[in-house]
Structures are given as structure tokens and as C-alpha cells.
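Sequence order for the protein chains is Y and L.
Those letters in the first sequence? Residues 1283 to 1624, by the numbering used here.
Those letters in the second sequence? Residues 651 to 702, by the numbering used here.
The structure appears right after this line, and notes come after that.
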Amino acid sequence: MDYKLRQVTWELTLKCNLRCIHCGSNAGEKRRKELTTKEALDVVKDLADLGVDEICFLGGEPFLRKDWFEIANEAKEFGIRTLFISNGCINKNVISKLCKLEPYGVAVSIDGMEKVHDAIRGRSSFKKAISFLLSCKDNGLPMTIITTVNKLNLRELPKIKDFIIGKNIAWQIQIASPQGRLSRHLVVSEEEFYAVGLFIAWLRKKYSTKELPVIGAHCCGYFSNYLPNINMSYWKGCSAGINILGIKSNGDTIGCLSIPEKFIEGNLRRKGIKEIWNDNNAFSYNRKFNEEQLGTNCKGCKYWKKCKGGCNGLSFFMTNQFHNDPYCYYRIEKKFFKLDKI
Amino acid sequence: MRKIYEIGKELGITEEEIKEILYKATNDKQKINEPMDTYKGGRYGTVSIRDL
């Protein structure tokens, strides 16, 4: 079977000027032997040859890489859509360059209002991030706020909602996974996870998309007897190696940046990206998925063929195996719900 | 269930609103997973305001 690579998430550098307590990448110092400018430009060309639709550049903090514009502009020249995720604590000089790129989207992480955001991300980071976000917005860039929910900021969601309403800024809510720097005790409980889904469903019922364009990220799923879909598209199982790919700043290539490094398929200095993508034995956890691979959380579920066990990143870091994501509305409903007793 | 209810209220959702979301779905046999847009393929990383 042929797989069409549509989207790439590319960690431009692991270097970061913040040390967020929930950072899944454990970002801070740059990786040893990050790709050179020439190597990165060659990768862009290979991605264009593969017909990639879009690249989401992230980090670390992607704008700390000096050649970020050159790399992203090369993607633009090849007709590839670009998106960025930043912590927003960055010199505003990047905004004029961003405007030249005409990116499809620019996201800034906001994890609460000032006190909580700064507790998670570091002193003064809230004011800087908001200032960057609003300056980008004033310059006509298409902006998104990403909120990564853990136990420390769950109850900040209503305040963030009040801030975003009417600003024409998208809001992506996602669940923090116990990887990198995030301690397991800060991961939301099943009930809290469900309440986040309920919150998003409520917002989408109460406000028009124009007033409050909010979605749950792919980890907010997957099927439900009660909640309407809160994602952007149908969930068809983890897309790692099916139509998405992650590239680390040192050239290591993996189905998704949120799964463990032992699933790295190869390094771009030793193996071309086309060779990696077209290898029949690559990404076997998804490309050769079958019912036998389901974990106990998902075995016997009527949605298993469509769902394939949810987000493999969350699944692995919560249960040490793929296709076994405990953060599933349908599973939680079966476990907790007796609607007649509401 | 009760706990979900209580967290929902802490997030600003009234009891009536929670009931409406949950009961309406049950009684109306609301379709599951209505997609928001037609982008073919999961978008990882970030959504764009242009998608919504």
C-alpha cells in the first residue's frame, strides 16, 4: 500500500529560552549535531518531491534558530504551507519576516493567565507571550493559542476563554502527556479529561465559531455516545507514518514527535526521507496494525477498527504500549456513566 | 460521573447545561464525530484560524 505524506512536524531546534515544567521534549539546550542550513534546505526539497502539503515548525523555540526564515521560505517557494508554534517570548523582529512568509498559521502557547502561566513557563513569560501574540495579530497574521492542560491549569480554562472571545484567534486545547519534564502526578485524571471535552463541547454550543473558534487537539477523542465531535476532522486512528511524519532537529525521523525515541526510523544524514517513508517495514505499529495489537483499554471496543486505540503518544506514556489510550471519552463513559442518575 | 459534573461546574458550565449536552445527545441520537472541516489528514502541531 502506498502512503501519501501530507504533513510534517519539524523540530527546527531543541534550543529553548524557557524551561516549562510540562515540556514533552525536555527542551533547553540544542541537540548535538542539529542539521546544518544546507541539510535542512535539502530536506525541504525532498519533502516537496514527496508532495507534502504543509510543515509545522516547532521546537524548542523555532525562532531561536538563526536560519529559520531561510528554511521556511524554501518551503514556501516549493508551495508548501507553513505553520509555526512558538512560546512567544521572542524578539518581535521575527514578525516582519513572518509576514513575508504568509504562514498558514502561527500558534503561541498560553497555559493560563499570568500567575499560572508564569508558574508553568517562567517569570514574565505571560506578558511577553501575550504581547507577541497581539502584535502578530495586529500585523494580520493568522493566530492560534495552544493550551496544554494539566492539573495546574485545568481551572484556568474559563479565564483563557474570556480573554480569547471575539479576538478572532483560534484556540486549541490539548492534554499534557507524562513525557519529557512533566511529572505523572500532574497529568489530568480521566474525569478531568472528560470534563475538558465537556467544556469544549459546551463552548462550541454556546458560542459561534466566529466568536470563539475552539477545538480539541487530536488527543481529545475519540468516539463518544454523548459528546459531539470536538476535533477538526474525523478520527481515523493515529496518523504517524500514515500521512504525517516528525523530524527532529538532528535529522532523526519518527512517525510523530510525541512518541518515544526508540521508534525513530532513521536519520536523514544516513537515509533519505523518501527511502524512510517508502520503506515497507517502517512505521509498522500503524501500517501493520491489527486487532491483536490493541491493549486492554481498547480490546473489545466497537470502534477499534476506526479508532485503532487512540493517540499512540498518550497511550505509550500512560500504559507503555501503543493502541491502548486510556484517555478516551467512550471508554470513560462506559466506566463512569449512569445517565439516569445525573 | 458526579466528579465530572463537579469539575464541569468549576469550569463554568451550569448543571442544566451539562444535562442538556449529555441528555440531548442521548435523546436525539446525536451523530458522533461530526467533523469541523474537510482537511484530509490529521493536522498535528497546531490548528489554524483559517481552518475554523
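Glycine is no exception: its CB is placed at the ideal position from the N, C-alpha and C atoms.
Note that the structure is predicted; figures quoted are calculated from it, not measured.
- Query: With C-beta atoms as the reference, is PHE1604 of chain Y less than 8 Å away from GLY1591 of chain Y?
  - Reply: yes
- Item | Cross-chain neighbours of GLU1293 of chain Y in chain L, by beta carbon under 9 Å | What GLU1293 of chain Y touches in chain L: nothing, since even the nearest Cβ is about 10 Å away.
- Query: Interface residues of chain L around LYS1487 of chain Y at Cβ under 7 Å?
  - Reply: Annotation: Cβ neighbours of LYS1487 of chain Y in chain L (cutoff 7 Å, chain order): ILE671.
- Message: With three or more beta-carbon pairs closer than 8 Å as the criterion, would you say the region 1494-1513 of chain Y touches the region 1454-1461 of chain Y?
- Response: Segment contact: the region 1494-1513 of chain Y against the region 1454-1461 of chain Y, three or more CB-CB distances shorter than 8 Å; contact assigned.
- Message: If the criterion is Cβ atoms closer than 8 Å, does the pair ILE1427 of chain Y and ILE1446 of chain Y meet it?
- Response: yes
- Given that a residue counts as buried once 16 or more other Cβ atoms are within 10 Å of its Cβ, and exposed if not, what is THR1364 of chain Y? buried
- Message: For THR1535 of chain Y, report the span of its beta strand (DSSP E) as first-last.
- Response: 1534-1536
- Task: Name the one or two DSSP bridge partners that PHE1339 of chain Y has.
- Result: Y:TRP1292 and Y:PHE1366
- Counting contacts by CB-CB distance shorter than 8 Å, is GLU666 of chain L in contact with chain Y? no
- For GLN1575 of chain Y, which of helix, strand or coil comes out of DSSP? helix
- Leaving out five residues on either side along the sequence, give the residues of the same chain with a beta carbon under 8 Å from the beta carbon of LYS1358 of chain Y. THR1364, LEU1383 and GLU1384
- Item | GLY1465 of chain Y, enclosing beta strand (DSSP E) - first and last residue | Reading off the sequence shown, one finds Ser at residue 1465 of chain Y, where the question assumed Gly. It is not in any beta strand (DSSP E) - SER1465 of chain Y carries neither H nor E in the DSSP assignment.
- Query: Can you tell which of Y:ASN1602, Y:LEU1494, Y:ILE1614 and Y:LYS1553 has the C-alpha that lies nearest to the C-alpha of ASP1324 of chain Y?
  - Reply: Closest by alpha carbon: Y:LYS1553.
- Any chain L beta carbon closer than 8 Å to ASN1450 of chain Y: yes
- Message: Going by beta-carbon coordinates alone, are ASN1572 of chain Y and ASP1607 of chain Y separated by less than 8 Å?
- Response: no
- Run through the region 1370-1436 of chain Y for me and flag every whole alpha helix (DSSP H) of 4 or more residues, listed as ranges in chain order. 1375-1383, 1396-1403 and 1407-1420
- Under a Cβ-count criterion, where at least 16 other Cβ atoms within 10 Å of its own Cβ denotes burial, should GLY1448 of chain Y be classed as buried or exposed? exposed
- Message: Does GLY1361 of chain Y pass the burial test, meaning 16 or more other C-beta atoms within 10 Å, or should it be called exposed?
- Response: exposed
- In the region 1490-1502 of chain Y, which residues sit with their C-beta less than 7 Å from some C-beta in chain L, listed in chain order? THR1491, PRO1495, ILE1497 and HIS1500
- Query: Does DSSP put LYS1297 of chain Y in a helix, a strand or coil?
  - Reply: Here LYS1297 of chain Y sits in strand by DSSP.
- With burial defined as no fewer than 16 other Cβ atoms inside 10 Å of the residue's Cβ, what is the status of ASP701 of chain L: buried or exposed? Its Cβ being crowded by 16 or more others within 10 Å, ASP701 of chain L is buried.
- When you compare only the Cα positions, how much space is there between SER1465 of chain Y and LEU1346 of chain Y? 26 Å
- Message: Let me confirm a value: ARG1403 of chain Y is counted as buried when at least 16 other C-beta atoms fall within 10 Å, else exposed. Which label applies?
- Response: Looking at its Cβ environment, which holds 16 or more other Cβ atoms inside 10 Å, ARG1403 of chain Y is buried.
- Listed by chain order, chain L residues near ALA1389 of chain Y by CB distance under 9 Å: GLY695, THR696, VAL697 and SER698
- Task: Mind listing the chain L neighbours of CYS1298 of chain Y? Cutoff is C-beta to C-beta under 7 Å, in chain order.
- Result: Within 7 Å Cβ-Cβ: nothing; CYS1298 of chain Y doesn't reach chain L, min ~16 Å.
- Task: Using three-state DSSP, classify LEU1527 of chain Y as helix, strand or coil.
- Result: Here LEU1527 of chain Y carries a strand assignment [DSSP, helix/strand/coil].
- Nearest neighbour of VAL1431 of chain Y, chosen from Y:ARG1405, Y:LYS1410 and Y:VAL1398 [CA to CA]: Y:VAL1398
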